[in-house]
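Here is the structure we will look at.
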Amino acid sequence: MATATPLYDTYMRAPLRFERGEGVWLITETGERYLDFGAGVAVTSVGHSHPHVVGALKAQADKVWHLSNIYEVPGQEVLAKRLTDATFADKVFFTNSGAEALECAIKTARRYQFSKGHPEKFHIITFEGAFHGRTLGTIAAGGQAKYLEGFGPKAPGFDQVPFGDIEAVRAAITDATAGILIEPVQGEGGVRPASPEFMRALRQLCDEHGLLLILDEVQTGVGRTGKLFAYEWSGITPDIIAVAKGIGGGFPLGACLATAEAASGMVAGTHGTTYGGNPLAMAVGNAVLDVILGDGFLQHVRDVSLVFRQGLASLKDRYPDIIEDVRGDGLLLGIKAAIPSAELLAAIRAEHLLGVPAGDNVIRMLPPLTVTAEEAREGLNRIEHAAEKLRAERAKKSA
Ligand code: PLP
């Protein structure tokens, strides 16, 4: 059957065509300006067209675009050193996407157990509501029926338990368990933070049973929650983390970070990628880190988060018929709607403010981390206008 577009029909796209981006703004082909609090789903961490990042990409483009990983790639050494200096990790593998960073993390954990003489330990415990990507491995890890349906047997080795239920985790550990994989804040699942106590309890269980604690920080990482990585809030350190989105600021870049011990099974020949860590990606990743690790930047994220969050809480108090709850950390905030969230999202978009849908009837607000308090207030004004209009429409309907 002929279709209207030559593209796969996998996306339900909004009829918006953006031509340019400037900071927190996206501008359509016809010149309309939208406040972008979706940031490409937590990707444009330093805003659109950040001059330092654009400059780094252009400078690298004039030198060399691509080098195979059969050669040394100097930008990789630099970025990996900066990431390991700033975190628990000793080793880094660069990828092009979040799902690939997760694949590397899962392989690293399995291979660790294998190299310690336990090939039978390949199961990973994951959590209901999780989202880890769309490869065959990561849809199995995420365990969501809607993403698994029709793609053949689910890849084996993932055991899922309810989010936040430490007794269920304990009960799921068997002689075949290699590790535990969790998002510190479930993004797609509806902006559901794991409590610091839960994270600490997971660490303890991993230590007791010789398991690796793997964190999916694809959405929460690189400053999104107001720390460089979200695990820092709980005071524990993981063994492996998967990173992507914000690290590339819009350039396809991901990374798997691990302790030397956790990565000890990943010897020459066990993993590889053509593009992962190519010179263009490394130039961008290093430039993004210049901004994120700059003096006072993470404090700025925490300060603006407070303004935005308090404003959202006030809107919830004034519009309980529209907003049921506000949750999340840093600039990964969720508005749980009291009406169908798609209606609220559409009403917000009509005010030229962009957000992102999530599970549990939640809208995600993920502005670039460079967003100012003034821009956050502008976003709040637009949400208030949307809520006011929705309330009026509903009153009219019920009259
Ligand atoms: N993990 C989490 C927590 C994510 O939010 C996403 C993407 O939304 C992924 C993994 C997959 O990343 P990618 O789409 O870059 O493969």
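Positions in the sequence shown are counted from 1; adding 4 to them yields the numbering used here.
Glycine included, each C-beta is placed from N, C-alpha and C at the ideal position.
When you compare each of GLY193, GLY194, GLY252, CYS260 to ILE218 by their alpha carbons, which one comes out closest?
-> Restricting attention to GLY193, GLY194, GLY252, CYS260, the CA atom closest to the CA of ILE218 is found in CYS260.
ILE170 in three-state terms, based on DSSP = Reduced to three states, the DSSP call for ILE170 is helix.
Heavy atom of the ligand PLP less than 8 Å from the Cβ of ARG138, yes or no?
-> Yes, the Cβ of ARG138 comes within 8 Å of a heavy atom of the ligand PLP.
Just checking my contact of LEU335 with PRO371 at CB under 8 Å: how many whole Å lie between their CB atoms?
-> So it is a contact: roughly 6 Å between Cβ atoms.
For GLU378, count neighbouring C-beta atoms within 10 Å of its own C-beta (all shown protein chains included) and say buried if the count is 16 or more, exposed if not.
-> Counting every other CB atom within 10 Å of its CB across the protein chains shown gives GLU378 a total below 16, marking it as exposed.
Using 8 Å as the cut-off, classify the Cβ of PHE255 as near or not near the heavy atoms of the ligand PLP, replying yes or no.
-> PHE255: no, Cβ never under 8 Å from the ligand PLP.
Just mark LYS401 as buried or exposed, buried being the case when its beta carbon has 16 or more other beta carbons within 10 Å.
-> Sixteen is the threshold: since fewer than 16 other Cβ atoms of the shown chains lie within 10 Å of the Cβ of LYS401, the residue is exposed.
Count the other CB atoms within 10 Å of the CB of PRO256; is the residue buried (16 or more) or exposed (fewer)?
-> PRO256 comes out buried.
Taking buried to mean at least 16 other C-beta atoms within 10 Å of its own C-beta, is LYS111 buried or exposed?
-> Counting other Cβ atoms within 10 Å of its Cβ, LYS111 reaches 16 or more and is therefore classed as buried.
Spatial neighbours of GLY239 within its chain, please: CB distance less than 8 Å, with the 5 preceding and 5 following residues excluded, ordered by chain position.
-> If you ignore the 5 residues before and after GLY239, its C-beta comes within less than 8 Å of the C-beta of PRO200, ARG204, all in its own chain and listed in chain order.
What alpha helix (DSSP H) runs, 4 residues minimum, are completely inside the stretch 22-48?
-> Runs found: 43-46.
Helix, strand or coil for ASP220, going by three-state DSSP, please let me know.
-> If DSSP states are grouped into helix, strand and coil, ASP220 belongs with the strands.
Decide if the stretch 68-84 is in contact with the stretch 276-292; the criterion is three or more beta carbon pairs, one per stretch, under 8 Å apart.
-> Two segments are said to touch when three or more pairs of C-beta atoms, one from each, lie closer than 8 Å; by this definition the stretch 68-84 touches the stretch 276-292.
Just curious, the alpha helix (DSSP H) that ARG138 is in, first and last residue?
-> Per DSSP, ARG138 belongs to no alpha helix (DSSP H) and is neither H nor E.
Roughly how many angstroms lie between the CA atoms of PHE41 and ASP179, to the nearest whole one?
-> Straight-line Cα distance between these residues: approximately 44 Å.
So VAL96 and ALA84 are in contact, right, with Cβ under 8 Å, and what is the actual spacing, rounded?
-> Taking the Cβ atoms as the reference, VAL96 lies roughly 4 Å from ALA84, within the contact range of under 8 Å.
Could you name the residues of the same chain whose beta carbon sits closer than 8 Å to that of GLY65, not counting the 5 residues immediately before and after it, in chain order?
-> In the sequence as displayed, the identity of residue 65 is Ala instead of Gly. The residues are LEU284.
Have a look at the DSSP bridge pairing and note the partners of CYS260.
-> According to DSSP, CYS260 bridges with PHE97, ALA246.
As assigned by DSSP and simplified to three states, the class of PHE412 = A question about residue 412 goes unanswered here, because the residues of the chain that appear run from 5 up to 403.
Please work out which residues of its chain come closer than 7 Å, Cβ to Cβ, to PHE202, disregarding the five sequence neighbours upstream and downstream, and give them in chain order.
-> The answer, listed in chain order, is GLY168, ILE170.
Decide if the stretch 151-158 is in contact with the stretch 117-127; the criterion is three or more beta carbon pairs, one per stretch, under 8 Å apart.
-> The stretch 151-158 is not in contact with the stretch 117-127.
Looking only at its own chain, which residues have a Cβ that is under 8 Å from the Cβ of GLU382, when we skip the five neighbours before and after it?
-> Hits under 8 Å: LEU39.
PHE352, enclosing alpha helix (DSSP H) - first and last residue | Sequence inspection shows Ile at residue 352; the Phe mentioned does not correspond to that position. Segment 345-354, the alpha helix (DSSP H) holding ILE352.
Quick one: complete beta strand (DSSP E) runs, 3+ long, within the stretch 301-341?
-> Within the stretch 301-341, the complete beta strand (DSSP E) segments at least 3 residues long are 327-333, 336-341, listed from N- to C-terminus.
Alpha-carbon spacing of LEU61 relative to ARG368, whole angstroms | A direct Cα-to-Cα measurement between LEU61 and ARG368 gives close to 29 Å.
Pairwise C-alpha distance: ALA266 and GLY191 | Our two residues, GLY191 and ALA266, have alpha carbons roughly 26 Å apart in a direct line.
Go to LEU106, then tell me how far its beta strand (DSSP E) extends in each direction, as first and last residue.
-> It is not in any beta strand (DSSP E) - LEU106 instead sits in the alpha helix (DSSP H) that spans 102-119.
GLY44 and GLY194 closer than 9 Å at C-beta | The Cβ atoms of GLY44 and GLY194 lie no closer than 9 Å to each other.
Please go through the same chain and pick out, in chain order, the residues whose beta-carbon is closer than 8 Å to the beta-carbon of LEU302, but skip the five residues on each side of it.
-> Sequence-distant partners of LEU302 (beyond 5 residues in either direction) whose C-beta falls short of 8 Å from its own C-beta, in its chain, are GLY227, GLY230, LYS231, LEU232, ILE296.
Residue of GLY225, ALA234, ILE244, GLY183 minimising C-alpha distance to LEU215 = For LEU215, the nearest C-alpha among the options comes from GLY183.
Going straight from the alpha carbon of VAL271 to that of LYS67, what length do you get?
-> When rounded, the distance between both Cα atoms is 31 Å.
What's the call for TYR12, buried or exposed, on a 16-neighbour Cβ count within 10 Å?
-> Its Cβ having fewer than 16 others within 10 Å, TYR12 is exposed.
To which residues of the same chain is GLN164 closer than 7 Å at the C-beta, ignoring the five residues directly before and after it?
-> Apart from sequence neighbours up to five positions away, the residues of its chain that approach GLN164 with a beta-carbon distance below 7 Å are THR130, PHE131, GLU132, GLY147, ordered along the chain.
Got a sec, what are the start and stop residues for the beta strand (DSSP E) GLY59 sits in?
-> No beta strand (DSSP E) holds GLY59; the alpha helix (DSSP H) holding it covers 55-65.
If you drop the 5 nearest sequence neighbours on each side, which residues of the same chain put their C-beta closer than 6 Å to that of ALA390?
-> Taken in chain order, the residues that qualify are ALA351, ILE352, GLU355.
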